[in-house]
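First up is the structure itself, then whatever we jot down about it.
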Amino acid sequence: MTRNGKEFGYHKILYKKQENGDLHVKIDIQLEVKLGFVKLFSYKHENKEVWRKGKLFQINTITNDNGKNFFINGKSTNEGFIINTQEGTKLLPLNIVPTSYWNFKVINNKNWLDTQRGILLDLDISFSGSENIEDFYGNKILAERYDISNDLNLSLWYRNNSLVKIAFDARGSKINYFMR
31 MTRNGKEFGY
41 HKILYKKQEN
51 GDLHVKIDIQ
61 LEVKLGFVKL
71 FSYKHENKEV
81 WRKGKLFQIN
91 TITNDNGKNF
101 FINGKSTNEG
111 FIINTQEGTK
121 LLPLNIVPTS
131 YWNFKVINNK
141 NWLDTQRGIL
151 LDLDISFSGS
161 ENIEDFYGNK
171 ILAERYDISN
181 DLNLSLWYRN
191 NSLVKIAFDA
201 RGSKINYFMR
């Protein structure tokens, strides 16, 4: 992960298929910006997802965004997808997908759950074509680009349905995630 071209943290995604067919996904993000020995900004996010039969079944997240704490505990039920957050309990549509971006199959789903704040996002998603980009190692690869706008403003690149890059602007900086 880079900020204005310099490495400043990581975004790890781990997958584990269970014997019962569930897919467990663990996401760990840690970012830190320093000026000398002074910490200017830090961000930590842990996200645990359980996918059952191709749908989000359960999610648990903890986020520390520069000292401000957030959490989500959610599960699929017969009534809908119920989440508990620092702001209370909410009933959401069963077909929600988290903003973890790894799952290409959900790119056109309009019900994205912000995994930090626990809110549904209003998004416009557009396919911007295939383009050559550099991967983490500097190799040129052909990837499909999707631009997300409205409540989120970022670009996602997928190659063979796998996430290879995320790019967005945040707090005046250009952020790029390159998957290894």
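For what it's worth, the numbering used here labels the leading residue of the sequence shown as 31, then goes sequentially.
Built from N, CA and C at the ideal position, the CB exists for glycine as well.
Keep in mind that this is a model prediction, so the values were computed, not measured.
In this model, LEU122 and SER160 are separated by some 33 Å (Cα to Cα).
The way I'd put it, the region 61–75 does touch the region 31–46; three or more beta-carbon pairs between them come closer than 8 Å.
The region 134–148 and the region 160–173 do not touch, with fewer than 3 CB-CB distances between them shorter than 8 Å. Annotation: the region 67–103 contains no complete segment of the alpha helix (DSSP H) (minimum length 4 residues). In this structure, the straight-line span from the alpha carbon of ASN50 to that of ARG82 is close to 9 Å. A distance below 8 Å between beta-carbons, with the five flanking residues on each side excluded, links ASN183 to the following residues of its chain, in chain order: PHE198, ASP199. PHE111: member of the beta strand (DSSP E) spanning 111–115, first to last residue. The C-beta of SER158 has fewer than 16 other C-beta atoms within 10 Å across all chains shown, which makes the residue exposed. Burial check for PHE67: the Cβ neighbour count within 10 Å stays below 16, so the residue is exposed. Taking C-beta separations shorter than 6 Å and ignoring five residues to either side along the sequence, the partners of LYS42 in its chain run ASP58, following chain order. Assigned with DSSP and collapsed to three states, LYS42 falls in strand. Counting only residues of its own chain and dropping the five nearest sequence neighbours on each side, LEU124 has a CB closer than 7 Å to the CB of SER106, GLY110, PHE111. Rounded to whole angstroms, VAL55 and GLU79 show a C-alpha spacing of 5 Å. Shown here for GLY148: same chain residues with a beta carbon closer than 6 Å to its own, the five before and five after excluded, namely ILE102, ILE113, THR115 in chain order. ASN180 is bridged by DSSP to LEU153. Residue state for PHE134 is assigned as helix, using DSSP reduced to three classes.
Beta bridge pairing from DSSP links LYS105 with GLN88, ILE112.
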